[in-house]
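Trainee: Residue numbers (the numbering used here), protein chains in the order written: chain A, 1 to 115; chain B, 116 to 228.
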């Protein structure tokens, strides 16, 4: 069974500082990897995803993530935090099975940005 | 505008009173799914559907029913709600492949007293 672990349920960063959100997954086969963001009182929207090819993936709003197969990790970074980055972030993995797609989310990391 | 809509957005009900949360998408997506979100647990899949009349259980299906009679609609039914079903519910849709992005509705906050 696949699982996703996000280290730290809450992260506080200063405006302009590096944002680093950690995600590790367990999967018997290479999965598809996603980061979603949830702004207050909204649904989730895709930040970025890794399917195949280049392991450094760039997403919206200046975020990027690197797939490291040897470490089974897909950490999310942004060089300089902005107040608008305050949100909850979810790492997710999916596999396509005969019966359908299995999407598994991590527990989420809430980011607070301090002025 | 491409979107997933859910109704109602907020619902307070009592134990045992049947309810339905509707979900509709206008993107002609094959795949639809329901999740519940609870603090510290992320989102957990309740049921999903690969196409009309094709549904299957996710990780937490107990106490829920679904149906997919039309491609665009995927209602979630709670036949006899209980307080442990108090949660934030999201409907999502996608083209259907594992690599495809899922598009989420705005959520339905359900409280069962």
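Each residue gets a CB set at the ideal place from its N, CA and C atoms; glycine is no exception.
#1: Beta-carbon of residue 131 (chain B) versus every beta-carbon of chain A: anything under 8 Å?
#2: So which of A:85, A:32, A:73 has the shortest CA-CA distance to residue 18 (chain A)?
#3: Is the shortest distance between the beta-carbon of residue 190 (chain B) and the beta-carbons of chain A less than 8 Å?
#4: Determine, using beta carbons only, whether residue 9 (chain A) and residue 109 (chain A) come nearer to each other than 8 Å.
#5: Buried or exposed for residue 127 (chain A), please, with buried defined as at least 16 other CB atoms from any protein chain shown within 10 angstroms of its CB.
#6: By the 10 Å Cβ neighbour count, where 16 or more other Cβ atoms means buried, how is residue 223 (chain B) classified, buried or exposed?
#7: Can you give me, in chain order, the residues of the region 25-45 of chain A that have a beta carbon less than 9 Å from any beta carbon in chain B?
#8: So, under 8 Å CB-CB, residue 32 (chain A) and residue 77 (chain A) are touching, yes? Tell me the CB distance rounded to an integer number of Å.
#9: Going by DSSP in three states, residue 157 (chain B) sits in which element: helix, strand or coil?
#10: Here's a check: name, in chain order, each residue in its chain whose Cβ is nearer than 7 Å to the Cβ of residue 221 (chain B), leaving out the five neighbours to either side.
#11: Can you grab the Cα-Cα spacing for the pair residue 113 (chain A) / residue 136 (chain B), in whole Å?
#12: In the region 142-157 of chain B, which residues sit with their C-beta less than 9 Å from some C-beta in chain A, listed in chain order?
#13: Using a threshold of 8 Å, state whether the C-beta atoms of residue 218 (chain B) and residue 208 (chain B) are closer than that.
#14: Is the beta carbon of residue 88 (chain A) less than 8 Å from the beta carbon of residue 38 (chain A)?
Mentor: Based on what the coordinates show:
#1: It does not; no Cβ of chain A falls within 8 Å.
#2: When only C-alpha atoms are compared, the closest one is A:85.
#3: Taking 8 Å as the CB threshold, residue 190 (chain B) stays off the interface with chain A.
#4: If you check the CB distance, residue 9 (chain A) and residue 109 (chain A) come in under 8 Å.
#5: Limits of chain A in this structure are 1 at one end and 115 at the other, which puts residue 127 (chain A) out of reach.
#6: Residue 223 (chain B) should be labelled buried.
#7: For the region 25-45 of chain A, the residues whose beta carbon sits under 9 Å from a beta carbon of chain B are, in order, 31, 32, 34, 36, 38, 41, 42, 43, 44, 45.
#8: 20 Å between Cβ atoms; not a contact.
#9: Strand at residue 157 (chain B).
#10: For residue 221 (chain B), the CB contacts under 7 Å within the same chain, skipping 5 residues up- and downstream, are 121, 124 in chain order.
#11: Each residue's alpha carbon lies about 34 Å from the other.
#12: The region 142-157 of chain B vs chain A, Cβ under 9 Å: 146, 148, 150, 152, 154, 155, 156, 157.
#13: Cβ distance < 8 Å, so residue 218 (chain B) and residue 208 (chain B) count as in contact.
#14: Closer than 8 Å, so yes.
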